[in-house]
């Protein structure tokens with residue numbers, strides 16, 4: 568009974584860490600325009616729309632965060648192997664991983680902007696100074712919490728995978744959760760606020776992103792404010808539920824049927840969520856239907 572309660576407690580802590588990690592990851596990604604919406608940021612200057620949005624995407628979020636988390640977890644694991652305190656090891660590993668992320672972000676922004684020189688897209692030095700540090704701060708929170716979560720799984724729950732491998736698996740999952748859950752808020756609701764809700768983005772509007780904020784030109788920091796209200800929390804809840812339910816089903820059902828109980832519980836959870844998703848989709852389509860233009864009455 569004590570082991571069961573201990574496992575539930577670790578699951579709750581890991582789920583909480585994952586929630587924070589998911590929120591920080593999506594906010595960092597949207598500030599740096601890394602993910603699905605980045606294509607429109609890259610396209611904008613080619614369509615004649617000069618902007619001040621930071622663009623650091625070289626890869627998608629899953630492989631990028633797979634690298635950051637693996638790097639942080641691997642360094643922490645190496646430091647602990649030479650008798651460093653685990654807390655200090657995780658902090659140092661995360662800090663070094665964030666330094667690499669900052670170099671990656673800077674070179675990606677400069678490289679992408681240089682490729683747009685013939686479209687007269689300038690490099691804004693103040694954007695590099697302000698945005699890079701903010702993305703690094705959010706990345707540190709995401710990496711530190713995710714590596715800590717992996718550490719608890721290995722050392723408290725006795726997971727057989729070593730810490731760097733756990734970092735790779737959950738880093739990819741973290742990036743995937745942010746990309747699938749949080750990016751639509753930024754890409755469809757923030758970048759194209761000038762389009763009517765539900766209208767989609769017509770070909771004629773490709774690259775015509777919203778470039779001006781309430782006062783002056785919009786920068787990536789404005790996207791961070793927006794994401795921290797909507798996309799970030801949504802991504803955090805998504806990743807937190809993934810981690811919590813994964814650990815919960817393992818702790819409760821692993822002893823049944825030589826481990827197959829946990830597998831069956833996982834399949835049941837997937838089927839339940841599929842049914843819920845299908846119901847919500849049908850309800851939304853029936854309630855709102857396809858987007859239609861508003862009909863204006865012709866003057867008599």
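In my numbering, the protein residues as written are 568 to 867. In this text, a Cβ means the ideal position worked out from N, Cα and C, and glycines have one as well.
Are the stretch 632–649 and the stretch 798–814 touching by the rule of at least three beta carbon pairs closer than 8 Å? no
Once DSSP output is grouped into helix, strand and coil, what is the label at residue 668? Reading the chain shown from its first residue, position 101 is the one you call residue 668. Correct three-state label for residue 668: helix.
Should residue 674 be labelled buried (16 or more other beta-carbon atoms within 10 Å of its own) or exposed? Here residue 674 refers to the residue found at position 107 when the chain shown is read from its first residue. With fewer than 16 Cβ atoms within 10 Å of its Cβ, residue 674 is classed as exposed.
Whole-number beta carbon distance between residue 687 and residue 776, since they are thought to touch under 8 Å: As a first step, residue 776 must be located in the chain shown, where it is residue number 209. As a first step, residue 687 must be located in the chain shown, where it is residue number 120. No, residue 776 and residue 687 are not in contact; Cβ-Cβ is about 17 Å, not under 8 Å.
Three-state secondary structure (DSSP) of residue 803: Here residue 803 refers to the residue found at position 236 when the chain shown is read from its first residue. Residue 803 falls in the helix class under three-state DSSP.
Alpha carbon to alpha carbon, how far is residue 780 from residue 755? One-based indexing of the chain shown puts residue 780 at position 213. One-based indexing of the chain shown puts residue 755 at position 188. Distance between the alpha carbons of residue 780 and residue 755 is about 16 Å.
Of all the alpha helix (DSSP H) runs that stay within the bounds of the stretch 803–841, which reach a length of 4 or more residues? none
Quick check on residue 784: buried or exposed, where buried means 16 or more other Cβ atoms within 10 Å of its Cβ? Against the chain shown, residue 784 aligns to sequence position 217. Exposed, since its Cβ has fewer than 16 Cβ neighbours within 10 Å.
For the alpha helix (DSSP H) that contains residue 716, what are its first and last residues? For the purposes of this step, residue 716 is identified with residue 149 of the chain shown, where counting begins at 1. 692–722 is the extent of the alpha helix (DSSP H) around residue 716.
Quick check on this structure: which residue in 745, 651, 572 and 679 has the alpha carbon closest to the alpha carbon of residue 620? For the purposes of this step, residue 620 is taken as the residue at position 53 of the chain shown. Ranking 745, 651, 572 and 679 by Cα distance to residue 620 puts 679 first.
At least 3 beta-carbon pairs within less than 8 Å: the stretch 688–696 vs the stretch 587–595: no
Could you give the distance in angstroms between the alpha-carbon of residue 727 and the alpha-carbon of residue 717? Sequence index remark: in the chain shown, residue 727 carries index 160 (1-based). Sequence index remark: in the chain shown, residue 717 carries index 150 (1-based). Straight-line Cα distance between these residues: approximately 12 Å.
Which whole-angstrom value is the C-beta distance of residue 827 and residue 731, which I expect to be below 8 Å? Against the chain shown, residue 827 aligns to sequence position 260. Against the chain shown, residue 731 aligns to sequence position 164. Not really, about 28 Å apart at Cβ, beyond 8 Å.
I'd like to check one pair, residue 833 with residue 816: are the Cβ atoms closer than 8 Å? Residue 816 sits at position 249 when you count from the first residue of the chain shown. Residue 833 sits at position 266 when you count from the first residue of the chain shown. Yes, the Cβ-Cβ distance between residue 816 and residue 833 is below 8 Å.
Report yes if the CB atom of residue 742 is closer than 8 Å to the CB atom of residue 629, and no otherwise. Taking the first residue of the chain shown as position 1, residue 742 is located at position 175. Taking the first residue of the chain shown as position 1, residue 629 is located at position 62. Cβ distance < 8 Å, so residue 742 and residue 629 count as in contact.
How big is the Cα-Cα spacing for residue 835 and residue 848? Residue 835 sits at position 268 when you count from the first residue of the chain shown. Residue 848 sits at position 281 when you count from the first residue of the chain shown. Roughly 20 Å separates the two Cα atoms.
Assuming contact is defined by CB atoms lying nearer than 8 Å, are residue 612 and residue 758 in contact in what I supplied? Walking along the chain shown from the start, residue 612 turns up at place 45. Walking along the chain shown from the start, residue 758 turns up at place 191. Not a contact, by the Cβ cut-off of 8 Å.
Measure the Cβ-Cβ separation of residue 677 and residue 665 and say whether it is below 8 Å. Position 110 of the chain shown holds residue 677. Position 98 of the chain shown holds residue 665. No, these two residues do not count as a Cβ contact at 8 Å.
Can you tell me whether residue 619 is helix, strand or coil according to DSSP? Residue mapping note: residue 619 aligns to position 52 of the chain shown, counting from 1. Residue 619 falls in the strand class under three-state DSSP.
Within the continuous alpha helix (DSSP H) that includes residue 570, where are the two ends? Along the chain shown, one-based indexing puts residue 570 at 3. Its alpha helix (DSSP H) spans residues 569–598.
Residues of its chain near residue 653, where Cβ-Cβ distance is below 7 Å and the 5 sequence neighbours each way are ignored: Counting from 1 along the chain shown, the entry for residue 653 is found at position 86. The residues are 647 and 718.
Hey, how far is the Cα of residue 595 from the Cα of residue 841? Mapped onto the chain shown, residue 595 falls at position 28. Mapped onto the chain shown, residue 841 falls at position 274. In a straight line, the C-alpha of residue 595 is about 29 Å away from that of residue 841.
Suppose contacts are defined by Cβ-Cβ distances below 8 Å. Is residue 710 in contact with residue 639 by that definition? Counted from its first residue, the chain shown places residue 710 at position 143. Counted from its first residue, the chain shown places residue 639 at position 72. Result yes, Cβ atoms of residue 710 and residue 639 sit closer than 8 Å.
For residue 631 and residue 601, which I take to be in contact (beta-carbon distance under 8 Å), what is that distance rounded to the nearest angstrom? Within the chain shown, the letter at position 64 stands for residue 631. Within the chain shown, the letter at position 34 stands for residue 601. Right, their Cβ atoms sit about 7 Å apart.
Every unbroken beta strand (DSSP E) within the stretch 724–750, with a cutoff of 3 residues, ordered by chain: none
Specify, as a first and last residue, the run of the alpha helix (DSSP H) that residue 628 falls within. For the purposes of this step, residue 628 is taken as the residue at position 61 of the chain shown. 628–648 is the span of the alpha helix (DSSP H), which, as asked, contains residue 628.
Per DSSP, what kind of secondary structure is residue 773 in: helix, strand or coil? As a first step, residue 773 must be located in the chain shown, where it is residue number 206. Residue 773 falls in the coil class under three-state DSSP.
Can you grab the Cα-Cα spacing for the pair residue 773 / residue 609, in whole Å? As a working mapping, residue 773 is identified with position 206 in the chain shown. As a working mapping, residue 609 is identified with position 42 in the chain shown. For residue 773 and residue 609, the distance between alpha carbons rounds to 11 Å.
Under 8 Å between C-beta atoms, does residue 647 make it to chain D? Absent here is chain D; the protein component of the structure consists of one chain.
What is the residue span of the alpha helix (DSSP H) that residue 685 lies within? What you label residue 685 is simply residue 118 of the chain shown in a count that begins at 1. Counting along the chain, residue 685 falls outside any alpha helix (DSSP H), and DSSP gives it neither H nor E.
Quick check on this structure: which residue in 682, 662, 745 and 641 has the alpha carbon closest to the alpha carbon of residue 592? On the chain shown, position 25 is the one that residue 592 refers to. Of 682, 662, 745 and 641, the residue nearest in Cα terms is 745.
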